[in-house]
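Protein chains in written order, with my numbering: chain A, 1 to 229; chain B, 1001 to 1229. Just so you know, even glycine gets a beta-carbon here, dropped at the ideal spot from N, CA and C. These numbers come from a predicted model, not from an experiment. I have placed the structure first, in the form of structure tokens, so that the comments after it can refer back to it.
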């Protein structure tokens, strides 16, 4: 304990020499030059994770969409807009010891982005067709060569949180899933607190409701332990 | 000139006793509890107009979506999210001497908002069907009883700016349209400057490129002249 505290204070910390990529915030998918699809992710949890990892001495590459919460100090910030740009930025940041996918990435983008503003025509409603975005978590988790030793995903769920997140972990091939309930009323999106479940191969850990920075600090410690093992 | 300056300084100003409703910022239309459709309006032009009108002594009701730019001082702020909520707020603020529709209102909302987060299913792409939003500018412009004496709309265009805006003025039934070019590269959305054209029944006035506050100040003076006439 004391040795760890001294190490942290000396700026070496348990993650000294480790490179971690963190994704954060929403992605923004254009419809036309003025309209877009996004989501209510504030970037608060991702920023807290980046801060916690940097605090333990990690070299952090922080790949972020346009978030309400500012990126933490002491990290390398890469700003992107779309899911495709986020994947490109994560891949460009490899090799890394861990990739933490905390961003709320759009599953779909608009198939054909209009070059001009779509006009409103009497009686005619627009139809938007979608194309699937690259799956950043699955892509990184399933790398044949150079897969980071630890890949962590997030699952923002509104129903059957643990069951959906456990299925997501298996489907993506990542090591851990941090699952949280974002139902309206929980105040998770945009709020200061989070109630998470850590889903690993060997089972589920339910963490009590706590501040997002406390979630981040605990998670960073776990990441340090895992990379040390 | 001197009399006007003294009037302004005394807090009476040419719009003293006049009530003006200003809409500003984007609207946000939900897709499901986490996703939404919005647009890149920063709210800067609307905020500048609210400030300019209040500066000339008007009682301003400022109806705004979630904008990047803070509302001006000295106005009554009504915060809304969707186009329908914006219309409700404008109607609730009537009667008024003028309504200035500077918000970038979504033409369409998602027809059936999902109560739970839409799940990604292998091979299946979502289809979003849309419903037409109420047309705030047309609704206020075409009021049979209690129509405000001056209704001003905005047209954010990417092509044929003046032609499209002139057609819009006729279609909506408003008094003036303030038209601007929001093509990528003009820097209008999110930028500090604006190049506008004022489209009235008697013709088009092209204003040179200027700061958004200067556009607002000029427009507020024109509004004062029109309401005085």
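Kindly indicate which three-state DSSP category residue i falls into: helix, strand or coil?
i                       : result
residue 75 of chain A   : coil
residue 133 of chain A  : coil
residue 1192 of chain B : coil
residue 1206 of chain B : strand
residue 1055 of chain B : helix
residue 1153 of chain B : strand
residue 12 of chain A   : coil
residue 1171 of chain B : helix
residue 227 of chain A  : helix
residue 1064 of chain B : strand
residue 1020 of chain B : strand
residue 219 of chain A  : helix
residue 80 of chain A   : coil
residue 178 of chain A  : strand
Along chain B, in chain order, which residues have C-beta atoms closer than 7 Å to that of residue i?
i                      : result
residue 38 of chain A  : 1036, 1038
residue 107 of chain A : 1120
residue 130 of chain A : 1125, 1126
Identify, in the order they occur along the chain, each residue of the same chain with its Cβ nearer than 8 Å to the Cβ of residue i, setting aside the five sequence neighbours on each side.
i                       : result
residue 84 of chain A   : 109, 133, 134
residue 165 of chain A  : 155, 157, 177, 179, 197, 199
residue 1126 of chain B : 1118
residue 96 of chain A   : 19, 20, 21, 61, 148
residue 209 of chain A  : 193, 194, 195
If residue i and residue j are in contact, beta carbons under 8 Å, what's the gap, nearest whole angstrom?
i                       : j                       : result
residue 1199 of chain B : residue 1222 of chain B : The Cβ separation is near 13 Å, so there is no contact.
residue 44 of chain A   : residue 217 of chain A  : Not really, about 14 Å apart at Cβ, beyond 8 Å.
residue 1136 of chain B : residue 1094 of chain B : Not really, about 12 Å apart at Cβ, beyond 8 Å.
residue 1023 of chain B : residue 1092 of chain B : That belief does not hold up - the Cβ atoms of residue 1023 of chain B and residue 1092 of chain B are roughly 13 Å apart, past 8 Å.
residue 1161 of chain B : residue 1204 of chain B : About 10 Å; that fails the 8 Å criterion.
residue 1034 of chain B : residue 182 of chain A  : 6 Å
residue 214 of chain A  : residue 106 of chain A  : So it is not a contact: roughly 28 Å between Cβ atoms.
residue 116 of chain A  : residue 1202 of chain B : Wrong, their Cβ atoms sit about 29 Å apart, outside the cutoff.
residue 1128 of chain B : residue 128 of chain A  : 5 Å
Take residue i and list the residues in its own chain whose beta-carbon comes closer than 6 Å to its own, dropping the five residues that flank it on each side.
i                       : result
residue 39 of chain A   : 26, 104
residue 1058 of chain B : 1015, 1018, 1020
residue 140 of chain A  : 99, 151
residue 1031 of chain B : 1110
residue 1089 of chain B : 1063, 1078, 1080
residue 56 of chain A   : 13, 14, 15, 220, 224
residue 50 of chain A   : 22, 60, 62, 72, 75
Could you list which residues in chain A have their beta carbon closer than 7 Å to that of residue i, in chain order?
i                       : result
residue 1159 of chain B : 116
residue 1165 of chain B : Near residue 1165 of chain B there are no residues of chain A at all, since even the closest Cβ is about 12 Å away, more than 7 Å.
If I measure Cβ to Cβ from residue i and keep anything under 7 Å in the same chain, skipping five residues before and after, which residues do I get?
i                       : result
residue 1173 of chain B : 1138, 1141, 1142
residue 69 of chain A   : 42, 43, 44, 47
residue 206 of chain A  : 197
residue 212 of chain A  : 44, 45, 48, 192, 193, 194
residue 36 of chain A   : 28, 29, 30
Which residues in chain A sit within 9 Å of residue i, going by Cβ to Cβ distance?
i                       : result
residue 1071 of chain B : Result: empty, since nearest Cβ-Cβ is about 17 Å, beyond 9 Å.
Quick check on residue i - is its C-beta less than 9 Å from some C-beta in chain D?
i                     : result
residue 67 of chain A : Annotation note: the requested chain D is absent from the structure, which comprises protein chains A and B.
Say yes only if the C-beta of residue i is nearer than 8 Å to one or more non-hydrogen atoms of the ligand ZN, and no if none qualify.
i                       : result
residue 1140 of chain B : The ligand content of the structure shown is nil, which means the ligand ZN is not present either.
Open item on the list: In chain order, what are the residue ranges of uninterrupted beta strand (DSSP E) at least 3 long that sit wholly in the segment 1082 to 1123 of chain B?
Closed with: 1098 to 1101, 1108 to 1110
TODO: Ignoring anything shorter than 4 residues or poking outside the segment 1025 to 1055 of chain B, list the alpha helix (DSSP H) runs there in chain order.
DONE: 1044 to 1055
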